[in-house]
Amino acid sequence: MKAFSYERATSPAEAAALAGRTPGARFIAGGTNLLDLMKLQIETPAHLIDINGIGLDRIEATEEGGLRIGALVRNTDLAADQRVRRDYALLSRALLAGASGQLRNMATTAGNLMQRTRCPYFYDSNQPCNKRQPGSGCAAIGGFSRAHAMLGTSEACIATHPSDMAVAMRALDATVETVRPDGSVRAIPIADFHRLPGDTPHIETALDPGELITAVTLPKPVGGRHIYHKVRDRASYAFALISVGAIVQKDGSGRVALGGVAHKPWRVEAADAQLPAGAKATAAALLAGARPTQDNAFKIPLVERTLGAVLAQAEAMR
Amino acid sequence: MKFDAPATTNPIDQLKAVGKPTSRIDGPLKTTGTAPYAYERHDAAANPAYGFILGSAIAKGRIASIDLTQAKAAPGVIAIVTAENAGKLGKPTGHTVRMLAGPAIDHYDQAVALVVADSFEQARAAARLIRIDYVRAKGAFDLAAAKDGAVVPETGWTAPDSAAGDFDGAFAKAPVKLDAIYTTPDQCHASMEPHATMAAWSGGKLTLWTSNQMVAGAVGDMAGTLLIPKENIHVMAPYVGGGFGSKLWVRSDAVLAALGARAAGRPVKVALTRPQVFNNTTHRPATIQRIRIGATRDGKITAIGHETWSGDLPGGGPEGAAAQTRLLYAGENRMTKTRLAVLDLPEGNAMRAPGEAPGMMALEVAMDEMAEKLGMDPIRFRTINDIQVDPEKPERPFSQRALIECMESGAQRFGWNRRSTRPGSVRDGRWLVGMGMAAAFRNNHLIKSAARVRLDKHGMVTVETDMTDIGTGSYTIIAQTAAETMGVALERVTVRLGDSAFPVSCGSGGQFGAVNSTAGVYAACMKLREAIAQKLGFNSADAEFAGGQVRVGNRSVDLGEAAGEGELSAEDVIEYGDIAKRYQQSTFGAHFVEVAVDAATAEIRVRRMLAVCAAGRILNPISARSQVIGAMTMGVGAALMEEAVVDKRFGFFVNHDLASYEVPVHADIPHQEVIFLDETDPMSSPMKAKGVGELGICGVAAAVANAIYNACGVRVRDYPVTLDKIIGNLPPLA
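Laid out in structure tokens, this is it:
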């Protein structure tokens, strides 16, 4: 770990302003990902701004009938919130499918969105990685890529975004609210929040330098059956090989997002439209343009079959 | 004490302490976090500096230049050790590779430097400032590609070739036969405690607090590396947080802590990082195995052949995966072959049940496949081919062999008769459910082991031996042995382990620790009994030791009184004659597993497991059970998830942390049961016990794989059995 300086912010605006003034600064909340990466010197911030004291730890109703989730609401609290469990069960289930109880107690809503890939080559600083060291190349391409992306990949990067929560947020059409160093605020649709790798896989989100997430808002509930099916090699405490987050209405319409297949949660409007036609048609629309590697080609049938199981479960719950 | 004839009735048979389900006596220290592990011995070595190892960034080649300028100038740095300034180092026989590389590099993450600094963080940060120019050389990293160049190994625990009868002829003629290739991947021990050492010099004398399974071996390795006399080295490893074979030898942490402490002029401690444990230390090598079995239509094996290939660095040894096939089943015509290729991966070496663990992963699937070809129940097929003598040397019987009893009692307990013989035919909601079984087999090794026992004026008994407790329960079974033999309560026994100042034991490994170390303690206790009797003028043959007293006829004396003001002490070693040559000593068992396979996703989840073990006298049913359930859990890992994945371009294990090298978590192991058959083996030692810690893993993965086949009808011969190897063969969803 490189030596770094540290300070505590007392308000969101102050935190963003501090970050704007200090090049190389990073926000720290739960630290469940950042600290690991700092120990490996994959992240080497010169300055840490601790945002645990700035509030943003409430879940409130919005005027539109939705929920505003503070950036610092812990994953455990979010998953257990009665309103979330009742109206946004997909989110609760996705959260509980991730990490461990101890990690969820620390991890925050914003931090979960900001977590970085689990590509093993990203974690080994002896290996080329365009995400860790832009321009150095991608060791995963042609290497061990069983868990990697097959959609929206580039010649520069085939990493996935590891979050379960973000998949649910994507299916729920969440919005990410932020404040910038100059004090201005904006709302970023979740669809635009995470980026595809392109030639700049090190730039992972739409956030500007120093911009701080203050909340994630959910629109008013849409009803339906909420199912999150995460597929993994062991029963708990593993990142998704793939995951399917779906909300299915009584008439068979609905929306679906995938995890573990791309650099961001994967949702395709045309696929949502195919849901009443069944898993095969929906999967075909979701996976259009997929470019799997030899190691992860199994994800193609896996997505279709998992989607089939999800739709069968939704049917059975009607 | 020489043991060369079957044990007769002896004090252990009283079973007042031995055989009792005793919770481990070191448990409270561990649950309260007060057991002193090597890296935390600040009480013993004040103000240690911190060493951080820099590993090679390439797998093979050499260091063209190394620039320490920036690192030396970094905050807190005290010293930097490299091959250039370390002085001449030897390579002891325990090591395939050098613990400090340079200029030649033998494998990825091989240590190239140690940075010593005032804090761990300073040492780690400075290590990153060392600039090294490497020249890469082409290496061999792919076992399948190197297989054809494999040769007969010069070293190894078993002979590379064995043969009896005419295998080729009998196999060609057999009416029912199997010829199949199985593969097992590289695996990592993944002990909870990483390799860690604290080192301190005083004059020319070195003291090491380390995490090691074999203390006397560690002294020898250090002497051979540092080229100093063994007498100048004191090694202590009283608490070890798991080893599984990865700590049978000293590794770079110990060697570099010693070199760092010498360079820094103060105690230095070094712990490997988790990624370093994967690529800097040893692993279980991958295997490719070909098994051929020929049988008559009524299920009698006429030919059995097992060939196995593995790789290691030059000078390394093979994974002896064919060893069990020489002994487990009958068949007049048999052959095994073990071949070794050169691979430039990190060093391959022992991991829990080396040889048998991966060998049984293949053999016991082959037996399941043969049973199916014969239309025969797998237990029936194994029973028909049970044999009570060494199949290669029929004049040499097994000392005990209760394989059939293990299988039959297990079948009854598990409800084996409810298994459908038609794969893929049992459905429970979204799950396809199946049952599988496998035999368990692991040899019992007799290794000499010494101890010293002291009796003080309070009647307290202290046992001292360099035996280690690597989480296995050694402290407890040794205390039970001394309590039994000396006739005192368990609370009156103190056990001191893991110190090279104590008599040399067998150490922990090869499931030989429990029986041999307790037999050594028994020998020392018997000698102490003689000393006590002699001092009191008793005839030792008539003396009874019970209730803290020694008694002859009407006369009884408290043990404390017998010791008097000084203390009485006795040291002895258990040594074995040729009894193991005359009798084959092995442990047996049967594993039963029920699994569920998700009909849509092919996710595999174990539902319940049962192990029935026949391993001689069980010294402590609690610690023995813990050994077996731990081994069963490790077997599930081997079956379903554990694979250190080789990057065949760059030559290293890619998934080098516990987020990506998955081992089972609690949710993967819902239900385990262990049954020990009630038996004693008088050929093993005066303890009449054998090992269980490795028996427990042998066969587990095959039982899981066989259950998967029974559940979904997909036979996977390449471990681990993961959903991607199944999903393409599942029927379409309804």
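Top to bottom, those sequences are chains B and Y. Taking the numbering used here, the leading residue of the first sequence gets 1, the next gets one more, and so forth. Taking the numbering used here, the leading residue of the second sequence gets 319, the next gets one more, and so forth. Note that CB positions come from ideal geometry on N, CA and C, so glycine has one too.
Segment contact flag, the segment 1036 to 1047 of chain Y with the segment 916 to 927 of chain Y, C-beta cutoff 8 Å, min 3 pairs: Yes, they touch.
Residue environment, Ser184/B, which counts as buried when at least 16 other CB atoms sit within 10 Å: As a working mapping, residue 184/B is identified with position 184 in the first sequence. It is exposed - the Cβ of Ser184/B has fewer than 16 other Cβ atoms within 10 Å.
CA-to-CA distance, Gly143/B to Thr349/Y, given in whole angstroms: Sequence index remark: in the second sequence, residue 349/Y carries index 31 (1-based). Sequence index remark: in the first sequence, residue 143/B carries index 143 (1-based). If I take the Cα positions, the gap works out to 42 Å.
Presumed contact (8 Å Cβ cut-off) between Glu325/Y and Ser1003/Y, rounded CB distance: Taking the first residue of the second sequence as 1, we reach residue 325/Y at position 7. Taking the first residue of the second sequence as 1, we reach residue 1003/Y at position 685. Checking the sequence, you will find Ala at residue 325/Y rather than Glu. Right, the Cβ-Cβ distance comes to about 7 Å (below 8 Å), so this counts as a contact.
Ala932/Y versus Ala488/Y - alpha carbon distance: Within the second sequence, numbered from 1, the residue matching residue 932/Y stands at position 614. Within the second sequence, numbered from 1, the residue matching residue 488/Y stands at position 170. Approximately 32 Å between the Cα atoms of the pair.
At least three beta-carbon pairs within less than 8 Å, the segment 44 to 59 of chain B to the segment 85 to 100 of chain B: Result no; under three Cβ-Cβ pairs closer than 8 Å.
Segment contact flag, the segment 386 to 405 of chain Y with the segment 452 to 472 of chain Y, C-beta cutoff 8 Å, min 3 pairs: The count of Cβ pairs closer than 8 Å, one atom from the segment 386 to 405 of chain Y and one from the segment 452 to 472 of chain Y, stays below three, leaving the stretches out of contact.
Reduced DSSP category for Phe485/Y - H, G, I as helix; E, B as strand; rest coil: The residue labelled residue 485/Y in the question sits at position 167 within the second sequence. Phe485/Y: helix per DSSP, three-state reduction.
DSSP-derived helix/strand/coil call for Arg170/B: Numbered from 1 along the first sequence, position 170 holds the residue referred to as residue 170/B. Arg170/B falls in the helix class under three-state DSSP.
Test: Ile381/Y CB closer than 8 Å to a CB of chain B: By 1-based counting over the second sequence, the position of residue 381/Y is 63. Nearest CB-CB separation between Ile381/Y and chain B: not below the 8 Å threshold.
Host beta strand (DSSP E) of Lys587/Y (start-end): Taking the second sequence and counting its residues from 1, one reaches residue 587/Y at position 269. Note, Lys587/Y: beta strand (DSSP E), Val586 to Ala589.
Bridge partner(s) assigned by DSSP for Trp475/Y: Position 157 of the second sequence, counting from 1, holds the residue named residue 475/Y. Note: Trp475/Y sits in no beta bridge, so no partner.
Runs of beta strand (DSSP E) wholly within the segment 878 to 962 of chain Y (minimum 3 residues, chain order): With a minimum length of 3 residues, the continuous beta strand (DSSP E) runs that stay inside the segment 878 to 962 of chain Y are 886 to 894, 904 to 916 and 922 to 932.
Integer Cβ distance of Met516/Y from Ala356/Y, believed to fall under 8 Å: By one-based count along the second sequence, residue 516/Y stands at place 198. By one-based count along the second sequence, residue 356/Y stands at place 38. Confirmed, Cβ separation roughly 6 Å.
Host alpha helix (DSSP H) of Asp571/Y (start-end): On the second sequence, position 253 is the one that residue 571/Y refers to. Ser570 to Ala582 is the extent of the alpha helix (DSSP H) around Asp571/Y.
Within 9 Å of chain Y by C-beta, residues of the segment 288 to 299 of chain B in sequence order: Those would be Asp295, Asn296, Ala297, Phe298 and Lys299, in chain order.
Ile27/B, enclosing beta strand (DSSP E) - first and last residue: Walking along the first sequence from the start, residue 27/B turns up at place 27. In the sequence as displayed, the identity of residue 27/B is Phe instead of Ile. DSSP places Phe27/B inside the beta strand (DSSP E), whose first and last residues are Ala25 to Ile28.
8 Å Cβ cutoff, Leu1051/Y in contact with chain B: Start at 1 with the first residue of the second sequence, and residue 1051/Y comes out as number 733. The beta carbon of Leu1051/Y falls within 8 Å of a beta carbon belonging to chain B, placing the residue at that interface.
The segment 498 to 505 of chain Y in contact with the segment 591 to 609 of chain Y per 3-pair CB rule at 8 Å: Of all C-beta pairs linking the segment 498 to 505 of chain Y to the segment 591 to 609 of chain Y, three or more are shorter than 8 Å, placing the two stretches in contact.
Start and end residues, beta strand (DSSP E) containing Asn651/Y: Counting from 1 along the second sequence, the entry for residue 651/Y is found at position 333. Following the DSSP letters along the chain, one finds Asn651/Y inside the beta strand (DSSP E) bounded by residues Asn651 to Val660.
Val268/B versus Ala283/B, Ala277/B and Ala19/B, residue with shortest Cα-Cα distance: Locating residue 268/B in the first sequence gives position 268, where the first residue counts as 1. Among Ala283/B, Ala277/B and Ala19/B, the Cα nearest to that of Val268/B belongs to Ala283/B.
Inter-residue Cα distance where the pair is Lys131/B and Ala89/B: As a first step, residue 131/B is located in the first sequence; it is residue number 131 there, counting from the start. As a first step, residue 89/B is located in the first sequence; it is residue number 89 there, counting from the start. Distance from the CA atom of Lys131/B to the CA atom of Ala89/B, rounded to whole angstroms, is 33 Å.
Residues of its chain near Gly633/Y, where Cβ-Cβ distance is below 7 Å and the 5 sequence neighbours each way are ignored: Locating residue 633/Y in the second sequence gives position 315, counting from the first residue. Once the five neighbours on either side are set aside, the close Cβ partners of Gly633/Y are Thr414.
Same chain, Cβ closer than 7 Å to Arg342/Y, five either side skipped, listed in chain order: Taking the second sequence and counting its residues from 1, the one referred to as residue 342/Y is at position 24. These residues qualify, in order along the chain: Gly791, Tyr793, Thr794 and Ser941.
Any 3 or more C-beta pairs closer than 8 Å across the segment 209 to 222 of chain B and the segment 171 to 190 of chain B: Because the criterion of three Cβ pairs below 8 Å is met, the segment 209 to 222 of chain B and the segment 171 to 190 of chain B touch.
Proximity below 8 Å, CB of Ala639/Y to CB of Ala576/Y: In the second sequence, residue 639/Y corresponds to position 321, counting from 1. In the second sequence, residue 576/Y corresponds to position 258, counting from 1. One thing to note: Ala639/Y has its Cβ no nearer than 8 Å to the Cβ of Ala576/Y.
First through last residue of the beta strand (DSSP E) which encompasses Asp50/B: Position 50 of the first sequence, counted from the start, is the residue given in the question as residue 50/B. Taken as a continuous stretch (DSSP letters only), the beta strand (DSSP E) holding Asp50/B covers His47 to Asp50.
Contact the segment 144 to 151 of chain B vs the segment 280 to 297 of chain B: 3+ CB pairs below 8 Å: Yes: at least three Cβ pairs fall under 8 Å.
Simplified DSSP assignment, three categories, for Ile788/Y: For the purposes of this step, residue 788/Y is identified with residue 470 of the second sequence, where counting begins at 1. For Ile788/Y, the three-state secondary structure derived from DSSP is coil.
C-beta contact flag for Gly934/Y and Ile1015/Y at 8 Å: Numbered from 1 along the second sequence, position 616 holds the residue referred to as residue 934/Y. Numbered from 1 along the second sequence, position 697 holds the residue referred to as residue 1015/Y. No; because the gap between Cβ atoms is not below 8 Å, this pair is not in contact.
Proximity test, Cβ basis, 8 Å: Thr951/Y and chain B: The residue you call residue 951/Y lines up with position 633 of the second sequence. Not a single CB atom of chain B sits nearer than 8 Å to the CB of Thr951/Y.
Spatially closest choice to Ala335/Y from Pro1000/Y, Ser944/Y and Ala801/Y, by CA coordinates: Mapped onto the second sequence, residue 335/Y falls at position 17. With distances taken between Cα atoms, Ala335/Y lies closest to Ala801/Y.
Residues that DSSP places opposite Met510/Y in a beta bridge: As a first step, residue 510/Y is located in the second sequence; it is residue number 192 there, counting from the start. Paired residue(s): none; Met510/Y is not in a bridge.
Collapsed DSSP secondary structure at Asp1036/Y in the structure displayed: Here residue 1036/Y is taken as the residue at index 718 of the second sequence, counted from 1. Asp1036/Y: strand per DSSP, three-state reduction.
Any 3 or more C-beta pairs closer than 8 Å across the segment 765 to 776 of chain Y and the segment 820 to 831 of chain Y: Flag = yes, the segment 765 to 776 of chain Y and the segment 820 to 831 of chain Y touch.
For Lys523/Y, the residue or residues it bridges with in DSSP: Here residue 523/Y refers to the residue found at position 205 of the second sequence. Bridge partners of Lys523/Y: Ser520/Y.
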